[in-house]
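Take a look at the structure below.
2 protein chains.
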Amino acid sequence: MEKMKERKIVVAVDESQESMYALSWCITNLVSDTNKLVLLYVKPPSAFYSLDAAGYIFSNDVIDAMEKYSMHLVNSVMERAEATCRDLKATNVNMERVVGVGDAKDVICSVAKKLDADTLVMGSHGYGFFKRAILGSVSDHCAKHAECPVVIVKHP
Amino acid sequence: MEKMKERKIVVAVDESQESMYALSWCITNLVSDTNKLVLLYVKPPSAFYSLDAAGYIFSNDVIDAMEKYSMHLVNSVMERAEATCRDLKATNVNMERVVGVGDAKDVICSVAKKLDADTLVMGSHGYGFFKRAILGSVSDHCAKHAECPVVIVKHP
């Protein structure tokens, strides 16, 4: 079996259990020590002028707080992902964090392309709770539009 | 990395280049010697009473010929798949042929479930030339409905 060349595997992670399960699957089944593992988190675009439900423009304080919360979320997801890797003893794997901003389905495909990923791995459900209403839409889109092989992992 | 337990990987193969590429990807990236590789081919249901385009009922001779052709197709795809495995030096992998009959998208999901597959691998395009008009429909369906992780591989 030929497993020489460094492969680059991009795993889309978010705050869902399913994305952590997808990461575990990836480490157990796909990743070897010669691979590069890219943990990709996509956050929704920052709101410069945001209206709340009642039509008020958010004050800078609120925007700052949201920004801080969003960075906190990124860090907590990334730390959880790295802990998952450690738990599965994938400590020799070359790992990298990438944070994208925008519409998850487009950002995931374009990052996979830009990084020249060999494989894209993701959970089957929505990406982040902003998206969860449209179950599966992100993975559907990526399975169709990403140029590399895409692994869709369901939480059992 | 934990790669002990025998995993069962089902690869859906058909007469397309893409499905052979998906198989190559699978062997190069996913399969190790302790895995069981199931080559799954799905043929459309046999026609007992078939009308041709002009509305004539096919004679038994035509049906026999079609049946023979379909078995020939199964064998040629399976042999090509096994040759692909040999070419990639995956000669120690425990391999099995499974031929299903029916609607590819349903048969693939149900075989994966029945065999308790750990992973299902397939090309991104239609399954067999009967289906190719509806590009991607089979892999879309399987990515949504199969219970195990699904790898969708595109021909580059």
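Here the protein sequences line up with chains A and C, keeping their order. Numbering of the first sequence is given in UniProt numbering, commencing with residue 1 and proceeding in unit increments. Numbering of the second sequence is given in UniProt numbering, commencing with residue 1 and proceeding in unit increments. Using N, Cα and C, we set each Cβ at its ideal position, and we do this for glycine too.
Who are the near neighbours of residue i in its chain, counting only those whose CB is closer than 7 Å to its CB and skipping five residues on each side?
i                        : result
cysteine 148 of chain C  : Ala112, Ala117, Asp118, Thr119 and Leu120
leucine 115 of chain C   : Lys8, Val10 and Val38
serine 70 of chain A     : Lys43
aspartate 103 of chain C : none
threonine 84 of chain A  : Met20, Leu23 and Ser24
arginine 80 of chain C   : Met20
glutamate 6 of chain A   : Thr34, Asn35 and Lys36
So, for residue i: in the same chain, excluding its five sequence neighbours on each side, which residues have a beta-carbon less than 8 Å away from its beta-carbon?
i                       : result
glutamate 82 of chain A : Leu39 and Met95
valine 153 of chain A   : Glu18, Tyr21, Ala22, Trp25, Cys26, Val121, Met122, Gly123 and Ser124
valine 31 of chain C    : Ile9, Leu37, Ala90 and Val93
arginine 86 of chain A  : none
Comparing C-alpha positions only, which one of the options sits nearest to residue i?
i                         : options                                 : result
threonine 34 of chain A   : A:Ala90, A:Val153, A:Lys105 and A:Met78 : A:Ala90
alanine 146 of chain A    : C:His155, C:Lys144 and C:Asp103         : C:His155
asparagine 75 of chain A  : A:Val13, A:His141 and A:Asn60           : A:Val13
isoleucine 108 of chain A : A:Glu67, A:Ser139 and A:His72           : A:Ser139
The alpha helix (DSSP H) with residue i in it runs from where to where?
i                       : result
glutamate 82 of chain A : 60 to 87
lysine 8 of chain A     : Here lysine 8 of chain A belongs to no alpha helix (DSSP H); instead the beta strand (DSSP E) covers 8 to 12.
valine 138 of chain A   : 137 to 145
Does chain C have any CB closer than 8 Å to the CB of residue i?
i                        : result
alanine 143 of chain A   : yes
threonine 119 of chain A : yes
leucine 115 of chain A   : no
glutamate 147 of chain A : yes
leucine 40 of chain A    : no
asparagine 94 of chain A : no
asparagine 29 of chain A : yes
Check for me: the beta strand (DSSP E) holding residue i runs from which residue to which?
i                        : result
serine 28 of chain C     : Residue 28 of chain C is actually threonine in this sequence, not serine. Run containing threonine 28 of chain C: none in the beta strand (DSSP E); it sits in the alpha helix (DSSP H), 17 to 29.
valine 107 of chain A    : Valine 107 of chain A -> not in any beta strand (DSSP E); alpha helix (DSSP H) instead, spanning 104 to 114.
lysine 43 of chain C     : 36 to 43
asparagine 92 of chain C : From DSSP, asparagine 92 of chain C is part of no beta strand (DSSP E); its letter is neither H nor E.
State yes or no: is the C-beta of residue i within less than 8 Å of the C-beta of residue j?
i                       : j                      : result
alanine 143 of chain C  : alanine 143 of chain A : yes
glutamate 15 of chain A : valine 77 of chain A   : yes
threonine 28 of chain C : leucine 88 of chain C  : yes
lysine 105 of chain C   : serine 59 of chain C   : no
valine 151 of chain A   : valine 151 of chain C  : yes
Distance cutoff 8 Å, beta carbons only. Does residue i sit that close to anything in chain A?
i                        : result
valine 150 of chain C    : yes
valine 153 of chain C    : yes
aspartate 140 of chain C : yes
glutamate 6 of chain C   : no
leucine 23 of chain C    : no
leucine 37 of chain C    : no
asparagine 60 of chain C : no
If you drop the 5 nearest sequence neighbours on each side, which residues of the same chain put their C-beta closer than 6 Å to that of residue i?
i                      : result
glycine 100 of chain A : Val42, Val107 and Val111
leucine 141 of chain C : Per the sequence shown, residue 141 of chain C should be read as histidine rather than leucine. Excluding positions up to five away in sequence, the list reads Lys105.
Given the structure, does residue i come close to the ligand GTP, in the sense that its CB is under 7 Å from one of the ligand's heavy atoms?
i                    : result
lysine 68 of chain C : Absent from the structure shown: the ligand GTP. Ligands present: none.
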